[in-house]
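Those protein sequence lines, which keep their order, are chains A and B.
Numbering of the first sequence is given in this note's numbering, commencing with residue 1 and proceeding in unit increments.
Numbering of the second sequence is given in this note's numbering, commencing with residue 1001 and proceeding in unit increments.
Beta carbons are placed, not taken as given, at the ideal position from N, Cα and C, and that holds for glycine.
On a predicted model such as this, the values are computed, not experimentally measured, just so you know.
A quick write-up on the structure given underneath.
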Amino acid sequence: MSAGRGYFWVALALIAVFTGPAARAAGVKLLNVSYDPTREFYEEYNKAFAAYWKSKTGDVVSINQSHGGSGKQARSVIDGLEADVVTLALAYDIDALATQGGLIPKNWQTRLPNNSTPYTSTIVFLVRKGNPKNIRDWGDLARPGIAVITPSPKTSGGARWNYLAAWAWALNQPGGNDASAEAFVKKLYHNVPVLDSGARGATVTFVERGIGDVLLAWENEAYLAIKELGPGKFDIIAPSLSIVAEPPVSVVDQNVDAHGTRKVAEEYLRYLYSAQGQEIVARHFYRPRDAAVAALHAAQFVNIPRLVTIDGVFGGWAKAQATHFADHGTFDRIYGQ
Amino acid sequence: MATPAAAIDLDNPLRRTPRRVLPGFGLTLGYTMLYLSLLVLIPLSAVFIRSLGSGWGHFWDVVTDRRVLAALRLSFGASLMAASINIIFGLVVAWVLVRYPFPFKRLVDASVDLPFALPTAVAGIALTALYAPTGWLGARLLSLGVAVAFTPLGIIVALTFIGLPFVVRTLQPVLEDLDNEVEQAAATLGASGLQAFVRVILPALWPALLTGFALAFARAVGEYGSVIFIAGNMPMKSEIAPLLIVTKLEQYDYAGATAIAVVMLVASFAIMLAINALQHFALTRHGGR
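Below is the structure:
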């Protein structure tokens, strides 16, 4: 029933889009298919890019947004949603466009600087005000009596970063190896009372339900949660080590060639790396790649002594996915399979 | 629903093809077949075809996986429980709404439809807020040693919630048709209240109760939105089968996802057939009343 209602609104929105003034103005349209928490960021960025494109070429570009769970969004594009660009939570989901759909070349991630990731984030801890359980680092999360809130990495792309960050920390302990990391992560997940299916669900469980002592969250979402729910309820804790969460971007070759929008779509993504684009990135609590902009906003990000990457520790997404999150991978083993 | 049509057939046992006042059998049947094909049969056959996309071996591995079996057991078990609870309490609700006048009856009547109208995710969030260990009801129940949210019990609560209108709305018209003179007649013949209910009323209600049960059950088996927030989603414990389908899709395992869907479809269909057979039995046994 809710799906039916969804389609109704989609249909109505499409009617509005096609009959609205935008359709009559001579100009290009882009569809950016993104994941959930980037809604506000791209709203602001789209306006900035449209102004930039107009001043550069004189053309009017209007950008439509679609948001949802990262994996679901990728599947929509594979199934025929005509996205010109995708901006998703992890490379694995964009890889699927190449491996499942053949929509983009396999080397898509080499086409733009920094692994095609114009902004990053990292995994931090959100705890209740005053940190009553004295949670300082990953090791504390496996302590008996601590309740950890994190979504299931099987259904939430974003939550896979949480899991990998925990694993990377355990590997980096003295004498750490795969076996000790698995044992640590198993202990940590035994402290998880609810496995929500998505990041928003987990935030609701922690913030609204009041369940759990610590929420594992992307840094930008932790700041958003604090900003939106009023300061003074939660503290952000920086662990000693975390992972660089890299939400990458790509043009969808097959669609931009069909629409004739390749030039503007590529510029749309490149502009993300410009000083103006990076400034908007920072305003929305993502970490900019540009050193100058990053320095300007350094005060608003938590200081994490050691940041590792998925390529460095896990050998890239394809390998991490197969080892940890595929059926009968380490995550399934944690729950006794 | 099926009652009036069946009653006509029984009233005219000798006439095999009754003369029709309104023509149009060919047109309406043609339309029915087209409509059913486009909306139901073609999409469902796509599910069957896709489930074998990676061969029989993969299909078999998926559907015999311990975790998948646990999820299927939970989904079907909780749905049967919820539908059973609903036929008992749904009957009480329908009975009260049909038989007795009371203040704000219209309002109460309309509120039965709320589970229909509410987006399921909203229902899930509301139920979780209420039954969570910190919730208004959840805290009290927990002090009695009953945990509802994030356990299979929470799943049953959510499925009962969404199934209620199906039972009430199928029973109401049947109860309205059932004159209370029937009970009075039973009473004059010396039946006690309980006897009148069990021997006279209940047999007349069986077909509608079974329809309501089947509808509530079918809705519950596939329910995702309202359950996902209250279930806790722990593998092997409180993970429903639709969630596993979503999990497989997240891994782009289309064949695995549709394999679970096929098992659910076949099992649901078998249960529906069994309920239909029971209903047929109830009708032929009590239809001549």
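Query raised in the report: Taking the C-alpha atoms as reference points, what is the distance between Arg1285/B and Ser1268/B?
Result: 26 Å
Query raised in the report: Just how far apart, CA to CA, sit Thr261/A and Ala50/A?
Result: 14 Å
Query raised in the report: What residues in its chain sit with their C-beta under 6 Å from that of Thr117/A, if we drop five residues either side in the sequence?
Result: Glu246 and Pro248
Requested in this report: Can you say whether Phe285/A is buried or exposed, counting buried as having 16 or more other CB atoms within 10 angstroms of its CB?
Outcome: So Phe285/A counts as buried.
Query - With 16 other Cβ atoms within 10 Å as the buried cut-off, status of Phe301/A - result: buried
Query raised in the report: Would a check of beta-carbon distances place Ala1132/B closer than 8 Å to chain A?
Result: By this cut-off, Ala1132/B is an interface position.
**Report entry** N- and C-terminal bounds of the beta strand (DSSP E) containing Ile237/A
**Finding:** Taken as a continuous stretch (DSSP letters only), the beta strand (DSSP E) holding Ile237/A covers Phe234 to Ile237.
**Report entry** Inter-residue spacing [alpha-carbon to alpha-carbon] between Pro21/A and Leu30/A
**Finding:** In this prediction, Pro21/A scores a pLDDT of 43, lower than 50, which makes its location untrustworthy; the coordinate-derived value is nonetheless stated afterwards. If you take the alpha carbons of Pro21/A and Leu30/A, they lie about 16 Å apart.
Query raised in the report: Out of Val214/A, Ile280/A and Ala168/A, which has the shortest C-alpha to C-alpha gap to Tyr119/A?
Result: Nearest in C-alpha terms to Tyr119/A, of all of Val214/A, Ile280/A and Ala168/A, is Ile280/A.
Query raised in the report: Is it the case that the Cβ atoms of Val1047/B and Thr1258/B are separated by a distance below 8 Å?
Result: yes
Report task. Could you confirm whether any beta carbon from chain A is found closer than 8 Å to the beta carbon of Met1234/B? Result -> Closer than 8 Å to some Cβ of chain A, the Cβ of Met1234/B qualifies, so yes.
Requested in this report: Closer than 7 Å by beta-carbon distance: list the chain A residues that pair up with Ala1078/B, in chain order.
Outcome: Correct list: empty, because the minimum Cβ distance to chain A is about 17 Å.
Requested in this report: Kindly list, in the order they appear in chain B, the residues whose Cβ is closer than 8 Å to that of Lys187/A.
Outcome: Ordered by position in chain B, no residue passes the 8 Å Cβ test against Lys187/A, which lies about 16 Å from the chain.
Query raised in the report: How is Ser116/A classed by DSSP in three states: helix, strand or coil?
Result: Ser116/A: helix per DSSP, three-state reduction.
Requested in this report: Measure the beta-carbon distance from Gly212/A to Ala147/A and round it to whole angstroms, keeping in mind my assumption that it falls under 8 Å.
Outcome: 4 Å
Query - Boundaries of the beta strand (DSSP E) in which Ile304/A is found, first to last residue - result: Premise fails: Ile304/A is in no beta strand (DSSP E) and is neither H nor E.
Query - Buried versus exposed call for Ile1156/B [16 or more other C-beta atoms within 10 Å across all chains shown] - result: buried
Query raised in the report: Would you say Arg1289/B faces chain A, with C-beta separation under 8 Å as the test?
Result: Note that Arg1289/B scores 44 on pLDDT, short of 50, meaning its location in the model is unreliable; the coordinates nonetheless yield the value given after this. Among the residues facing chain A, Arg1289/B is not included, as its CB has no counterpart in that chain under 8 Å away.
Requested in this report: Can you tell me which of the three DSSP states Gln278/A falls into?
Outcome: Secondary structure of Gln278/A (DSSP, three-state): helix.
Query raised in the report: Of all the residues that make up the stretch 1243–1263 of chain B, which are near chain A by a beta-carbon distance shorter than 7 Å?
Result: Leu1243, Val1246, Thr1247, Leu1249, Glu1250, Gln1251 and Tyr1252
Query raised in the report: The alpha helix (DSSP H) with Ala179/A in it runs from where to where?
Result: Following the DSSP letters along the chain, one finds Ala179/A inside the alpha helix (DSSP H) bounded by residues Asp178 to His190.
Query raised in the report: Can you round the beta-carbon distance between Val1293/B and Ile1260/B to whole angstroms, since I take them to be within the 8 Å contact cut?
Result: With chain B covering only 1001 through 1289, there is no way to say anything about residue 1293/B.
**Report entry** Amino acids of chain A, ordered along the chain, whose beta-carbon sits closer than 7 Å to that of Ile1228/B
**Finding:** What Ile1228/B touches in chain A: Ser197.
**Report entry** Reduced DSSP category for Arg209/A - H, G, I as helix; E, B as strand; rest coil
**Finding:** coil
Query - Interfacial residues, the stretch 1115–1130 of chain B to chain A, with Cβ spacing under 8 Å - result: Phe1116, Pro1119, Thr1120, Ala1121, Ile1125, Thr1128 and Ala1129
Query - Own chain, CB closer than 6 Å to Met1001/B, minus 5 neighbours either side, in chain order - result: The pLDDT assigned to Met1001/B is 41, lower than 50, so where the model puts this residue is not dependable; a value taken from the coordinates is nonetheless given after this. So the list is empty, once near-sequence residues are dropped.
Report task. Express the C-alpha separation of Gly312/A and His328/A in angstroms, rounding to a whole number. Result -> 24 Å
Requested in this report: Confirm, please, whether the CB-CB distance from Ile310/A to Ile236/A is below 8 Å.
Outcome: no
Query raised in the report: Opposite Val1157/B in the DSSP bridges: which residues?
Result: Partner(s): none; Val1157/B has no beta bridge.
Query raised in the report: Relative to the alpha-carbon of Thr57/A, which residue among Asp79/A, Lys263/A, Asp137/A and Tyr223/A has its alpha-carbon at the smallest distance?
Result: Lys263/A
Query raised in the report: So, Ala1149/B versus Ile1230/B, is the Cβ gap smaller than 8 Å?
Result: yes
Query raised in the report: Are any of the Cβ atoms in chain B nearer than 8 Å to that of Thr155/A?
Result: yes
Query raised in the report: To the nearest angstrom, how far is it from the Cα of Ala25/A to the Cα of Val60/A?
Result: The predicted model places Ala25/A with a pLDDT of 43, which falls under 50 and marks its position as unreliable, so this point remains unresolved.
Requested in this report: Leaving aside the five residues before and after Leu1278/B along the sequence, list all residues of the same chain whose C-beta is less than 7 Å from its C-beta, in chain order.
Outcome: Leu1210
Query raised in the report: Do Ile123/A and Gln100/A come within 8 Å of each other at the CB atom, strictly closer than that value?
Result: no
Query - Of the residues Val127/A, Trp169/A and Phe184/A, the one placed nearest Ala222/A, counting alpha carbons only - result: Selected option, being the one with the closest Cα: Val127/A.
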